[in-house]
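Novice: Protein chains in written order, with my numbering: chain A, 191 to 341; chain B, 145 to 714. The beta-carbon is built from N, C-alpha and C at its ideal position, and this holds for glycine as well. Since the structure is predicted, the reported quantities are computational estimates derived from the model, not experimental observations. Following this message is one structure expressed as structure tokens.
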Amino acid sequence: MNNQSIFEAYPRNDASLLIPLLQNIQTEFGYLPEDQLEKVAEHIGIPLSRVYGVATFYNQFRLKPLGKYVIRVCRGTACHVKGSLDILRILESELGIKAGETTKDFMFSIETVACIGACSIAPVIVINDEYFGGLTPKSIQKLIKKFKDKG
Amino acid sequence: MNITINNIEVWANPGETVLEVAEREGIRIPTLCYLKGFSPTGSCRMCMVEVEDQGRLVPSCAFPVYDGMKVKTNSPEVRRARKTIIELLLANHPQDCLVCIRNGNCDLQSLAAEYGVRSYRYVGQRRKGKLDLASPAIERDPEKCILCGRCVRVCHEMQNVGAIDLINRGFNSTVAPAMDRSLNTVACVYCGQCIVHCPVGALREKSDQKRVWEAINNTDKLVVAQIAPAVRVAIGEEFGLQPGEIVTGKIVAALRRMGVDTVFDTNFAADLTIMEEANELIERITLQKTLPMITSCSPGWVKYLEHFYPDLMDHLSTCKSPHEMEGAMIKSYYARKMGINPEKIFVVSVMPCIAKKFEAQRPELGKEFQDVDAVITTRELARMIRVAGLDFSRLPDEGFDDPLGESTGAGAIFGVAGGVMEAALRTAHYMMTGKDMPVIDFSPIRGLQGVKESTVEINGIKLKIAAVSGLKNIDVLLKDIQAGKSEYHFIEVMACPNGCINGGGQPLPSTPEKIQKRTEAIYKIDKGLPKRCSHHNQSIQKLYQEFLEKPGSHTAHDLLHTHYIRRNRY
Ligand code: SF4
Ligand code: SF4
Ligand code: SF4
Ligand code: FES
Ligand code: FES
Numbered sequence: 191m192n193n194q195s196i197f198e199a200y201p202r203n204d205a206s207l208l209i210p211l212l213q214n215i216q217t218e219f220g221y222l223p224e225d226q227l228e229k230v231a232e233h234i235g236i237p238l239s240r241v242y243g244v245a246t247f248y249n250q251f252r253l254k255p256l257g258k259y260v261i262r263v264c265r266g267t268a269c270h271v272k273g274s275l276d277i278l279r280i281l282e283s284e285l286g287i288k289a290g291e292t293t294k295d296f297m298f299s300i301e302t303v304a305c306i307g308a309c310s311i312a313p314v315i316v317i318n319d320e321y322f323g324g325l326t327p328k329s330i331q332k333l334i335k336k337f338k339d340k341g
Numbered sequence: 145m146n147i148t149i150n151n152i153e154v155w156a157n158p159g160e161t162v163l164e165v166a167e168r169e170g171i172r173i174p175t176l177c178y179l180k181g182f183s184p185t186g187s188c189r190m191c192m193v194e195v196e197d198q199g200r201l202v203p204s205c206a207f208p209v210y211d212g213m214k215v216k217t218n219s220p221e222v223r224r225a226r227k228t229i230i231e232l233l234l235a236n237h238p239q240d241c242l243v244c245i246r247n248g249n250c251d252l253q254s255l256a257a258e259y260g261v262r263s264y265r266y267v268g269q270r271r272k273g274k275l276d277l278a279s280p281a282i283e284r285d286p287e288k289c290i291l292c293g294r295c296v297r298v299c300h301e302m303q304n305v306g307a308i309d310l311i312n313r314g315f316n317s318t319v320a321p322a323m324d325r326s327l328n329t330v331a332c333v334y335c336g337q338c339i340v341h342c343p344v345g346a347l348r349e350k351s352d353q354k355r356v357w358e359a360i361n362n363t364d365k366l367v368v369a370q371i372a373p374a375v376r377v378a379i380g381e382e383f384g385l386q387p388g389e390i391v392t393g394k395i396v397a398a399l400r401r402m403g404v405d406t407v408f409d410t411n412f413a414a415d416l417t418i419m420e421e422a423n424e425l426i427e428r429i430t431l432q433k434t435l436p437m438i439t440s441c442s443p444g445w446v447k448y449l450e451h452f453y454p455d456l457m458d459h460l461s462t463c464k465s466p467h468e469m470e471g472a473m474i475k476s477y478y479a480r481k482m483g484i485n486p487e488k489i490f491v492v493s494v495m496p497c498i499a500k501k502f503e504a505q506r507p508e509l510g511k512e513f514q515d516v517d518a519v520i521t522t523r524e525l526a527r528m529i530r531v532a533g534l535d536f537s538r539l540p541d542e543g544f545d546d547p548l549g550e551s552t553g554a555g556a557i558f559g560v561a562g563g564v565m566e567a568a569l570r571t572a573h574y575m576m577t578g579k580d581m582p583v584i585d586f587s588p589i590r591g592l593q594g595v596k597e598s599t600v601e602i603n604g605i606k607l608k609i610a611a612v613s614g615l616k617n618i619d620v621l622l623k624d625i626q627a628g629k630s631e632y633h634f635i636e637v638m639a640c641p642n643g644c645i646n647g648g649g650q651p652l653p654s655t656p657e658k659i660q661k662r663t664e665a666i667y668k669i670d671k672g673l674p675k676r677c678s679h680h681n682q683s684i685q686k687l688y689q690e691f692l693e694k695p696g697s698h699t700a701h702d703l704l705h706t707h708y709i710r711r712n713r714y
């Protein structure tokens, strides 16, 4: 679906469609690009500041693209008990970003998630769709290096 | 219905809020986020009162009355709750009062004093926000913002601009333009109404006081000041005088004592604007050019049109705004007459307006040098008068310098919404019939409504006219023009509700009572002047004889008219 047709599905000047339209754009682009926000403001007929206000109010919306590798760190109870906080801190310092952020080269994003149902191999992280369990401070460093080298 | 407030029975209308009834009864309830005339958001909780049977405190600005209701506005519990709210606000507020623009005129500061806050009880993390100093007119200091949302409602609902909004959430919430950009990169029109409605020092004008002092202290410069029609009926408030007190002569005296070399009157240029604008109107009607013609003396309005309706730019009168005309005449006609190199002249406009700071920088408003070098607001002039150590109320009344200081009642009423229209009609009538209007006062376009319209017949031509103030009110008329349905010949637009007397640079706070008083004072000036039509201004007649020839001449076009620029909406 190209972006023209995203807008076609929404009648103009209907402010109640703002959130569904933003959701649709995020699904399409993976985030909300600035030029798309302008198009939304134009289409819905409301100021850009309001579109931006709504987009930054809801956690579900991302204003920046995610990295090539999205690392989801489980912060559920089982993982926590097995040291997931250490894992998170190491990731953050290795990549120089905080949870919720993306590296400048758009290679890595870190997110935290609640239990992802893999408690038996806690602590767990998921990189894109691949699970990595039983992590230790050592193994997580190796793992990240592997991904960095892969590019 | 009847309700009881603080054990006194009072009468109330169904649908009213507790706050509205209390205000009518003269019972003060403090507020922060409440904005008269707008739907309440009930977000700051400052206005909380006790209502029997409610079991909790309720925000009076959003709580409707019911029959038999018993309210306490000042019980110990209420006072304690309000004090806590203030203390929590102070917990993440930069405690900067001594160096803050609103020191002595700040709702948060005075509430803290009123509720006896004597220590910082909560230590909080300070809210962070980007100081935005980039625009030529308005500065934003988000760290001082208490998130009351008043500026946002004013910008969206009163001015229909929507340049700023509440962005982010929770602790990171702040008020900012889209993408957290600077104000000068979005479609802000610099009306300054957000400043007028901000209860604290989070929004302020970009100060030009320093530049003016530098020019005054520079012996190489001839500093020429001019004062706008609306300044003289408002600045007295800054010095404890009654709202609406006319202090023209004292302002002139103050400027001279501050070291300004020459003091002219923007009212003179308002008369000049009328000569050019009335002539342009008649030309557009007789030559069947673009109609309706819309006034161009409110730079906030002009910028609004450039951003949001650039296709209608041909409807704007090509006349520069009065202070720009004055500047242009100072640096050409006056300079030549006096044998002064215009490069040495520094023109300072004292204006009720924030947008004029931006306007003065527009590259097309000037030839080799800008027509106007600095714009200071009424508030800034008051600060400079204080710095100069002058006891304003005891200054003598002095007169303007010649020849750009003479003015008529028509020039005076530029300060109120509807005034430009009325002044233009007086002269258009004369230009079309050779006679003055039988009745000079034109009441249909006086008054404080946002839209006023009427029809006047001059020489058998029925002119349909409207005077609009507050940008929200102009949209319907502009859409009609776009659709080819507009029947108007002439429309006056002022960006600020009720015109310049309520401009973004006027003394704070602005209340409906003050607006009323300032308006009355403007009409009083008009009524009291021997000449009330611009074409009777002798200095204007002389200016045309000696320099401009006639309205709309080549020289007039060169110096007194301008063009507009397409701008983006986002
Ligand atoms: S905004 Fe008010 S309370 Fe805050 S520093 Fe300025 S004067 Fe003080
Ligand atoms: S100056 Fe006017 S347009 Fe700009 S943000 Fe303030 S209220 Fe909105
Ligand atoms: S900038 Fe002023 S008016 Fe706007 S939300 Fe902050 S405190 Fe309120
Ligand atoms: S707690 Fe981490 S997978 Fe369940
Ligand atoms: S003034 Fe009523 S809640 Fe803010």
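If you measure between the beta carbons of T135 (chain B) and V560 (chain B), is that distance less than 8 Å?
Specialist: As displayed, chain B neither begins before 145 nor continues past 714, which places residue 135 (chain B) out of reach and without an answer.
Novice: For a contact meaning CB atoms closer than 7 Å, what does H300 (chain B) contact in chain A?
Specialist: P237
Novice: Let me check one thing: in DSSP terms, what residues is H705 (chain B) bridge-paired to?
Specialist: H705 (chain B) is bridged by DSSP to B:C463.
Novice: If distances are taken between C-alpha atoms only, which option among B:R270, B:N249, B:P436, B:G181 comes closest to K623 (chain B)?
Specialist: B:P436
Novice: Kindly list, in the order they appear in chain B, the residues whose Cβ is closer than 9 Å to that of Y242 (chain A).
Specialist: Those within 9 Å of Y242 (chain A) in chain B are D309, I311, A320, P321, A322, M323, D324.
Novice: Comparing the CB of G260 (chain B) with every heavy atom of ligand 1, is any distance shorter than 7 Å?
Specialist: no
Novice: Check M191 (chain A) in the structure and name its three-state DSSP category.
Specialist: Low confidence applies here, because M191 (chain A) scores a pLDDT of 46, under 50, leaving its location unreliable; read the following figure in that light. DSSP places M191 (chain A) in coil when its eight states are reduced to three.
Novice: Am I right that V407 (chain B) and D546 (chain B) are in contact with their C-beta atoms under 8 Å? What's the rounded C-beta distance?
Specialist: At roughly 11 Å, the Cβ-Cβ gap does not stay under 8 Å, so V407 (chain B) and D546 (chain B) are not in contact.
Novice: Could one say the Cβ of A231 (chain A) lies closer than 8 Å to chain B's Cβ atoms, at least one of them?
Specialist: Residue-level contact by beta carbon holds for A231 (chain A) and chain B, with a gap shorter than 8 Å.
Novice: How about P443 (chain B) and T522 (chain B): do their beta carbons lie closer than 8 Å?
Specialist: no
Novice: Report all residues from its chain with a CB closer than 6 Å to the CB of E169 (chain B); omit the five preceding and five following residues, and keep chain order.
Specialist: Around E169 (chain B): V154.
Novice: Please list the terminal residues of the continuous beta strand (DSSP E) segment that includes Y321 (chain A).
Specialist: 320-322
Novice: Closer than 8 Å, Cβ to Cβ, to anything on chain B: give me those residues from the stretch 191-225 of chain A, in chain order.
Specialist: E224
Novice: If you follow the beta strand (DSSP E) that R284 (chain B) is in, where does it begin and where does it stop?
Specialist: 282-284
Novice: Taking DSSP as the reference, what is the three-state secondary structure of D619 (chain B)?
Specialist: helix
Novice: Between Y448 (chain B) and chain A, is there a C-beta pair that is closer than 8 Å?
Specialist: no
Novice: Between E228 (chain A) and chain B, is there a C-beta pair that is closer than 8 Å?
Specialist: Yes, E228 (chain A) counts as interfacial toward chain B.
Novice: Under the assumption that K616 (chain B) contacts M302 (chain B) (Cβ atoms under 8 Å), give the Cβ distance between them as a whole number of angstroms.
Specialist: 6 Å
Novice: From the DSSP output, which residues share a beta bridge with S493 (chain B)?
Specialist: B:Q370, B:V519
Novice: In or out: D339 (chain A) buried (at least 16 other Cβ within 10 Å) or exposed?
Specialist: exposed
Novice: Taking its Cβ as the centre, do 16 or more other Cβ atoms sit within 10 Å of Q253 (chain B), making it buried, or is it exposed?
Specialist: Result: buried.
Novice: Does the stretch 227-247 of chain A touch the stretch 281-297 of chain A, meaning 3 or more C-beta pairs lie closer than 8 Å?
Specialist: The stretch 281-297 of chain A and the stretch 227-247 of chain A do not touch, with fewer than 3 CB-CB distances between them shorter than 8 Å.
Novice: Is it true that the CB of F513 (chain B) sits closer than 8 Å to the CB of A359 (chain B)?
Specialist: No, these two residues do not count as a Cβ contact at 8 Å.
Novice: Check whether the stretch 467-482 of chain B touches the stretch 690-704 of chain B, counting contact only when three or more Cβ pairs, one atom from each stretch, lie closer than 8 Å.
Specialist: yes
Novice: Is C177 (chain B) closer than 8 Å to C292 (chain B) when the C-beta atoms are compared?
Specialist: yes
Novice: Counting only C-beta atoms, is T292 (chain A) closer than 8 Å to chain B at any point?
Specialist: no
Novice: Per DSSP, I300 (chain A) forms a beta bridge with which residues?
Specialist: A:I261
Novice: Tell me the DSSP secondary structure of Q514 (chain B) in three-state form.
Specialist: Look at Q514 (chain B) here: in three-state DSSP terms it is strand.
Novice: C335 (chain B): beta carbon under 7 Å from a heavy atom of ligand 2?
Specialist: Yes - ligand 2 has a heavy atom lying nearer than 7 Å to the Cβ of C335 (chain B).
Novice: Tell me the rounded alpha-carbon separation between R530 (chain B) and S537 (chain B).
Specialist: 12 Å
Novice: If the cut is a Cβ gap below 7 Å, which residues of chain B does T302 (chain A) touch?
Specialist: Simply none; closest approach about 17 Å.
Novice: Among the residues of its own chain, which have a CB less than 6 Å from the CB of T148 (chain B), if the five just before and after it don't count?
Specialist: K214
Novice: Please report whether the beta-carbon of Y334 (chain B) lies at a distance below 8 Å from any beta-carbon of chain A.
Specialist: no
Novice: Give the single residue among B:D580, B:L525, B:R325, B:M576 whose Cα lies nearest to the Cα of V356 (chain B).
Specialist: B:L525
Novice: Chain B partners of F247 (chain A), CB-CB under 9 Å?
Specialist: L310, I311, N312, R313, S317
Novice: Take S279 (chain B) and list the residues in its own chain whose beta-carbon comes closer than 6 Å to its own, dropping the five residues that flank it on each side.
Specialist: L327, N328
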